[in-house]
Amino acid sequence: MDLSAGFDTIDHTILLSRIETSFGVTGSALSWLSSYLQDRYQWVSIGQATSPSVHCDYGVPQGSVLGPILFSIYTSPIGDIVSSFNISQQQYADDTQLYIRLSISTYSTAISELEQCLSRLHDWFSANGLCSNPQKSEAILLGSRQRLRSFPTISNIDIAGSTTNLTDSIKTLGVTVDNNLNFKAHVSVVCKACNFHLRSLRLIRSSLTYDMANTIATALVQSRLDYVNSILYLTSNSNLTKLQRIQNTAARIVTHGSNTSFSSAQALSKLHWLPVRHRINFKIATVTYKALHYGQPIYLKSCLTPYTPLHNHRSSDQFLLAQRRVSSFNGSRSFSSAAPTVWNFIPLFIRSSDSIHTFKNN
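Using my numbering, you'd call the opening residue of the sequence shown number 4 and step up by one each time.
What follows is the structure, given as structure tokens:
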């Protein structure tokens, strides 16, 4: 669901009341938040010219640590609305996603309930000073090729009186999600962005020191390869090959190996860069460690179950995770299946690390 200028339209009075009544924040802490939100002014400055200041009666500062938290607090009641329709929800700040499981026998009823829920949410947003934008909201039907081919045709979803056609892909939090979950489109977007920066880096490489080139390549290329790369667990070899080619090129440019016989493997080794496939496993293992030891995020922690053998075996104190049975390939790519698989493969001395820093180093 798309919201128009969501951060800028939050009512301070409603927000402070919700912080106090729903989350129990009172006294000095509430006064601090009130002081932070109220009596704000903003203006535009260009060169030596400055516009008159305007008092900000609404909104929370974007780009701040508190911004997304305060927005989530403000919109917290929508969770009760969504759950009343037995619909699942994911939300990060003003990015709200609703999703339901469909079957051939009950899909029409489920979609009708979804549309009723969307209408209720639209009314709630309007009553609380937020403007939902049905024209920019998106809908997608996910499933395997075989499943989608045999599923009844669903052409559109009604969102608060506005018809939204189903698309083949959507972009959420920087990830392009396609309806088959093969992430070919996402990999193409990542490769396109990386190639743009690699061309520029190659042009200026002779003017950079080794450390400078390494820093730039890490910031502009490696960071894009690492971003949410855990979703690419068990992805196709074609996707991995494209991403690995990008990493190899970056490594050779940094080590000046593009014009010599210096191999890509040697360049990666010199830079201490794990290949793409291993970086994916590294990310899953790191997230699993944090979920097990710090309990965060809760929705991932709930996907993990310690392995308990029926009898007292040597594996009782190996810090293993129980592996869940799955009935589909996409199911094996889910966190609840991937995490135990990757985690149990790690040697015991690494699994039993006493800190995340030690775990990563090992």
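Note that beta-carbon positions come from the ideal geometry of N, C-alpha and C, so glycine has one too.
Of the other Cβ atoms in all chains shown, fewer than 16 fall within 10 Å of the Cβ of V47; this residue is therefore exposed.
When DSSP states are grouped into helix, strand and coil, A268 belongs to the helix group. K245 has its alpha-carbon roughly 10 Å from the corresponding atom of K187. Annotation note: the stretch 269-304 contains the following uninterrupted alpha helix (DSSP H) runs of length 4 or greater, listed N- to C-terminal: 279-297, 301-304.
Between A268 and L201, the C-beta gap is not smaller than 8 Å, which leaves the two residues out of contact. In this structure, F322 is the residue among Y95, F322, A341 with its C-alpha nearest to the C-alpha of R354.
Secondary structure at L206: helix, using DSSP grouped into helix, strand and coil.
Listed in chain order, the non-local C-beta contacts of C194 below 6 Å within the same chain comprise K245, I249, local neighbours out to five positions each way being set aside.
The C-beta separation of I76 from R21 comes to about 6 Å, placing the pair in contact by the 8 Å criterion. As DSSP reads the structure, V178 sits in a beta bridge with T175. Per DSSP, I359 has no beta-bridge partner at all.
Ranked by Cα distance from I287, the options R255, L235, K273 are led by L235. The Cβ-Cβ distance between T12 and G66 does not fall below 8 Å. Between the beta-carbon of N182 and that of L145 there is about 6 Å, and that keeps the pair under the 8 Å contact cut.
Sixteen is the threshold: when 16 or more other Cβ atoms of the shown chains lie within 10 Å of the Cβ of C120, as they do, the residue is buried. Annotation for C59: the continuous beta strand (DSSP E) segment containing it runs 57-59. Per the coordinates, the alpha-carbon of E116 lies some 15 Å from the alpha-carbon of D126. For T99, the enclosing beta strand (DSSP E) stretches over residues 98-102. In chain order, Q92 place their CB closer than 7 Å to the CB of G82, counting only its own chain and leaving out the 5 sequence neighbours on each side.
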